[in-house]
Amino acid sequence: MNEQELRQTILDVLGEIAPEVDPATVPPDKDLRAELDLDSMDFLNFTIALHERLGVDIPEADLPKLFTLDGGVVYLQGKLGEAQ
């Protein structure tokens, strides 16, 4: 999965968790929780959905790496690379 596909997957999952969010307005370097008003349960559902969609394990200690769109892309690229 290339970077653009991974970015789109993250945005798709965010759209499922927060359907009122316009993916075009998601800032790549800002904290998604604050920018999109995600509570802890929303963020947990986001990470579970990423796990299910991509088949990667996301340990609790790594959750801060998913706080931004750019951070999530970098983190998940690494996790997907490990799985190959």
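Residue 1475 is where the sequence shown starts when you use the numbering used here, and the numbers rise one by one after that. Heads up, the beta-carbon is just placed ideally off N, CA and C, and yes, glycines get one too. As the structure is a computational prediction, the values presented were derived from the model and not from experiment.
Taking the Cα of residue 1517 as reference, the smallest distance to any Cα among 1488, 1533 and 1531 is reached at 1488. Taking the Cα positions, residue 1533 is about 21 Å away from residue 1486.
The three-state reading of DSSP puts residue 1516 in helix, counting H, G and I together. In the displayed model, residue 1531 falls within coil according to three-state DSSP, outside both helix and strand. Cβ contact annotation for residue 1542 (same chain, cutoff 6 Å, sequence separation greater than five): 1503, in chain order.
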